[in-house]
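Note that the protein sequences, when read in sequence, are chains A and B. So the first sequence is residues 1 to 148, counted in my numbering. So the second sequence is residues 149 to 296, counted in my numbering. Right, one structure below, let's go through it.
There are 2 protein chains.
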Amino acid sequence: MISKACKYGIRAAIFVASRQGGGLKLNIKQIAREVDAPEAFTAKILQILNKHRIITSLKGPYGGFFIEDYQLEQPVINIVNAIDGMSVFRECGLGLKQCSASHPCPMHDQYKIARDALQSAFQETTISQLALEVNEGGSFINNMVLEK
Amino acid sequence: MISKACKYGIRAAIFVASRQGGGLKLNIKQIAREVDAPEAFTAKILQILNKHRIITSLKGPYGGFFIEDYQLEQPVINIVNAIDGMSVFRECGLGLKQCSASHPCPMHDQYKIARDALQSAFQETTISQLALEVNEGGSFINNMVLEK
DNA sequence: TCTATAAAAGATAATTTTATCTTCTATAGA
DNA sequence: TCTATAGAAGATAAAATTATCTTTTATAGA
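Encoded structure:
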């Protein structure tokens, strides 16, 4: 579907957004811990997100990651695009190099429905919406802690 | 989304189905060529499909792969299940280990729509339907040959 | 029974993705 | 200006997936 890196990236961006405000900055260690992602790998992903201006980073003491107001209203698909690219939303369900309405694979129509639904899901949802949901306690960006 | 192996497998099964009848058997070389898949890898995949009784194989001279009548009406999801398993249709869109209506990730509802659409696409389509489409010339299971 | 054929099984290799580790750079504050 | 902090960049490693190669097994026909 989408890569693990991309999923970590979305969770990380949501977390940063959920803590936005008051000049607060988050460091890699915190972010990785809170979204249950490997630290060094998360650092790489945050780097990409910063380059694509999805979040913002500042080096040095008191530095870290944060999200600016204008970045909050971006659709989640921007994160997918930054990390995986947009090809998932164009690729053939049966792996053909060219597959379109004019030269379709036999599952083209059915698959397109699912692929378009996926694209809409990411396109129509903003980072701030997800952060809000998490802050309201209705949803989660880390794994459940299992009771013993 | 689904693995390359699985896509090769679906294309191969459709091809075998499209040539079904008259006791005709197809060998690995032909199948791989016709569906534009690497030969040795296709052999492995056909092995899996045979084990799961999605297609049938016979060793030895005049042997090869074919599909029996009862196998033709199977939904394509059986192929996905044989090669990739059913987890794609259950997994969280943001990669959480547990994600459900009661402990959802913030994209749960939107993602579920796409994931369910994908499952339906594979569940509601049979191998014979796709083979028929290919035989009628309306769709393709190999890459277009580009004119020079 | 022997031989040729074709798939199955097993071993190995290449590639991609995920993950980690080390060094470099920017920045704040003393 | 010096030092400590924290991200960026680069190199390396581990794991998973894709792909290939070799050997074994089953089978039809001579």
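Each residue gets a CB set at the ideal place from its N, CA and C atoms; glycine is no exception.
Segment limits, beta strand (DSSP E) that includes residue i
i	result
Phe213 (chain B)	212–214
Boundaries of the alpha helix (DSSP H) in which residue i is found, first to last residue
i	result
Ser57 (chain A)	Taken as a continuous stretch (DSSP letters only), Ser57 (chain A) belongs to no alpha helix (DSSP H), being part of the beta strand (DSSP E) at 56–58.
Leu242 (chain B)	Here Leu242 (chain B) belongs to no alpha helix (DSSP H), and DSSP marks it neither H nor E.
Asn50 (chain A)	39–51
Ser166 (chain B)	152–166
Where residue i falls, given that 16 or more other Cβ within 10 Å makes a residue buried
i	result
Gly157 (chain B)	buried
Asn27 (chain A)	exposed
Phe288 (chain B)	buried
Arg19 (chain A)	buried
Val293 (chain B)	exposed
Lys7 (chain A)	buried
Pro144 (chain B)	Only positions 149 to 296 of chain B appear in the structure, and residue 144 (chain B) is not among them; the question remains open.
Phe15 (chain A)	buried
Gly314 (chain B)	Not covered by the structure: residue 314 (chain B). The range shown for chain B is 149 to 296.
Phe65 (chain A)	buried
Ala262 (chain B)	buried
Candidates the options: closest to residue i by CA position
i	options	result
Arg53 (chain A)	A:Gly95, A:Gly138, A:Phe41, A:Asp69	A:Asp69
Gly85 (chain A)	A:Gln30, A:Phe122, A:His103	A:Phe122
Gln110 (chain A)	A:Cys92, A:Thr126, A:Glu124	A:Cys92
Leu211 (chain B)	B:Lys173, B:Ala279, B:Ser235, B:Leu194	In the sequence on display, residue 211 (chain B) carries Gly and not Leu. The shortest Cα separation from Gly211 (chain B) among B:Lys173, B:Ala279, B:Ser235, B:Leu194 belongs to B:Lys173.
Ile127 (chain A)	A:Ala12, A:Asn142, A:Ala40	A:Ala12
Val134 (chain A)	B:Ser205, B:Leu197, B:Gln246, B:His251	B:His251
Residue(s) in a DSSP beta bridge with residue i
i	result
Pro75 (chain A)	A:Thr126
Leu174 (chain B)	B:Phe213
His251 (chain B)	B:Ser248
- Residues from the stretch 118–137 of chain A in contact with chain B, defined by Cβ distance under 7 Å: The residues in question are Leu118, Ala121, Thr125, Leu130, Glu133, Val134.
- Query: Listed in chain order, which residues of the stretch 223–243 of chain B have Cβ atoms closer than 9 Å to some Cβ of chain A?
  - Reply: The residues in question are Val224, Val236, Glu239, Cys240, Gly241, Leu242, Gly243.
- Which of the residues in the stretch 59–73 of chain A, read from start to end, lie with their CB under 7 Å from any CB of chain B? Within the stretch 59–73 of chain A, no residue qualifies.
- Message: Residues of the stretch 151–163 of chain B in Cβ contact with chain A at a cutoff of 8 Å, in chain order, please.
- Response: Interface annotation for the stretch 151–163 of chain B against chain A: Lys152, Lys155, Tyr156, Ile158, Arg159, Ile162, criterion Cβ-Cβ distance under 8 Å.
- Item | Contacting positions in the stretch 182–194 of chain B - beta carbon closer than 7 Å to chain A | For the stretch 182–194 of chain B, which is checked against every Cβ of chain A, not one residue is closer than 7 Å.
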